[in-house]
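This report concerns only the one structure given below.
In full-length UniProt numbering, the protein residues as written are 1 to 246.
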């Protein structure tokens with residue numbers, strides 16, 4: 001939508017902002033009050049995922065309490081990760097007043113900035129959550145597979161991946177927030193300013209993200225398949241780690 005908002009009168013600007021965010025197809029009338037949506041399905045899926053994640057976190061905390069073992073650093077990292085995940089889900093559920101799977105012409109132009117702002121906040125929180133979750137998994141790998149004081153290949157690769165994970169996601173979060181000047185233009189298309197092309201960031205992020213995931217998935221497999229046990233048992237242990245990571 002290429003409109004010079006500065007050239008509009010107050011009445012014209014009000015009319016545009018209260019109009020559809022996208023010109024509807026021919027013969028379609030915008031429905032701002034009760035547009036068709038799939039919010040119930042979306043909230044159900046999000047709620048189920050959050051409940052499932054919460055169940056695993058509480059199960060881990062309960063198991064630690066029952067075993068009377070001293071908490072490891074990865075246990076504290078898990079709690080912080082869960083807190084960030086809960087914050088992300090809170091932002092997601094804040095979108096319920098806008099709705100999910102709603103056609104763009106079924107909500108007003110003035111509401112676009114609200115939706116984009118929530119998406120922007122969710123993106124930042126999600127990046128921080130994923131960063132900490134991956135670091136937590138790697139710290140757990142070290143706790144399980146590397147004896148205290150040992151500096152073998154597993155330890156060095158894990159430390160490298162943890163460092164790469166923290167540096168990459170921190171840089172990505174900073175880069176995302178520096179894409180537009182002024183910052184408000186990131187989520188408000190009505191604000192004047194400029195934005196750089198973020199496709200390079202998106203592509204780089206996808207590649208590095210995939211490589212880190214693949215490395216975390218493969219790293220413990222060499223140790224597992226080197227154990228002196230039957231093929232079936234090694235396969236079972238390997239599957240447990242794969243499913244747990246996924």
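Just so you know, even glycine gets a beta-carbon here, dropped at the ideal spot from N, CA and C.
Since we're looking at a predicted model, the values are computed, not measured.
Cβ neighbour criterion (16 or more within 10 Å) applied to residue i
{"i": "residue 120", "result": "buried"}
{"i": "residue 147", "result": "exposed"}
{"i": "residue 55", "result": "exposed"}
{"i": "residue 1", "result": "Interpretation of residue 1 is limited by its pLDDT of 49, a score under 50 that renders its predicted location unreliable; the figure taken from the coordinates is listed afterwards. By the 10 Å Cβ count, residue 1 comes out exposed."}
{"i": "residue 232", "result": "exposed"}
{"i": "residue 220", "result": "buried"}
{"i": "residue 168", "result": "buried"}
{"i": "residue 162", "result": "buried"}
{"i": "residue 194", "result": "exposed"}
{"i": "residue 41", "result": "exposed"}
{"i": "residue 82", "result": "buried"}
{"i": "residue 212", "result": "buried"}
{"i": "residue 224", "result": "buried"}
{"i": "residue 128", "result": "buried"}
Residue nearest to residue i in terms of C-alpha spacing, selected from the options
{"i": "residue 160", "options": "106, 179 and 216", "result": "216"}
{"i": "residue 35", "options": "56, 135, 107 and 205", "result": "107"}
{"i": "residue 44", "options": "213, 168 and 89", "result": "89"}
{"i": "residue 209", "options": "185, 144, 194 and 133", "result": "133"}
{"i": "residue 95", "options": "63, 46 and 142", "result": "46"}
{"i": "residue 33", "options": "142, 62 and 97", "result": "97"}
{"i": "residue 201", "options": "173, 128 and 184", "result": "173"}
{"i": "residue 14", "options": "111, 51, 62 and 181", "result": "111"}
Cα-Cα separation, residue i to residue j
{"i": "residue 228", "j": "residue 53", "result": "33 Å"}
{"i": "residue 92", "j": "residue 149", "result": "43 Å"}
{"i": "residue 25", "j": "residue 31", "result": "13 Å"}
{"i": "residue 103", "j": "residue 214", "result": "36 Å"}
{"i": "residue 105", "j": "residue 113", "result": "15 Å"}
{"i": "residue 39", "j": "residue 99", "result": "5 Å"}
{"i": "residue 207", "j": "residue 165", "result": "13 Å"}
{"i": "residue 190", "j": "residue 16", "result": "11 Å"}
{"i": "residue 171", "j": "residue 196", "result": "16 Å"}
{"i": "residue 57", "j": "residue 79", "result": "8 Å"}
{"i": "residue 130", "j": "residue 234", "result": "29 Å"}
{"i": "residue 152", "j": "residue 158", "result": "10 Å"}
{"i": "residue 238", "j": "residue 48", "result": "27 Å"}
{"i": "residue 101", "j": "residue 154", "result": "45 Å"}
{"i": "residue 60", "j": "residue 230", "result": "28 Å"}
{"i": "residue 192", "j": "residue 143", "result": "51 Å"}
{"i": "residue 218", "j": "residue 203", "result": "23 Å"}
{"i": "residue 247", "j": "residue 115", "result": "Lying outside 1 to 246, the shown extent of the chain, residue 247 is not represented and no answer is given."}
{"i": "residue 145", "j": "residue 87", "result": "32 Å"}
Near the ligand ATP: residue i beta-carbon under 8 Å from a heavy atom
{"i": "residue 84", "result": "Here there are no bound small molecules, and the ligand ATP is not part of this structure."}
Supposed contact pair residue j and residue i - C-beta distance, whole angstroms, cut 8 Å
{"i": "residue 117", "j": "residue 187", "result": "4 Å"}
Residue-level contact to chain B via CB, residue i, 9 Å cutoff
{"i": "residue 222", "result": "The chain inventory of the structure shown lacks chain B, comprising one protein chain alone."}
Examine the Cβ distances between the region 59–67 and the region 132–145 and report whether three or more of them are shorter than 8 Å. Between the region 59–67 and the region 132–145, the count of C-beta pairs closer than 8 Å stays below three; the two stretches do not touch.
Would you say the region 68–83 touches the region 12–31, given that touching needs at least three Cβ pairs under 8 Å? no
Evaluate the contact criterion for the region 123–133 versus the region 171–180: three or more CB pairs, one atom per stretch, below 8 Å. Taking 8 Å as the limit for Cβ pairs, the verdict is that the region 171–180 does touch the region 123–133.
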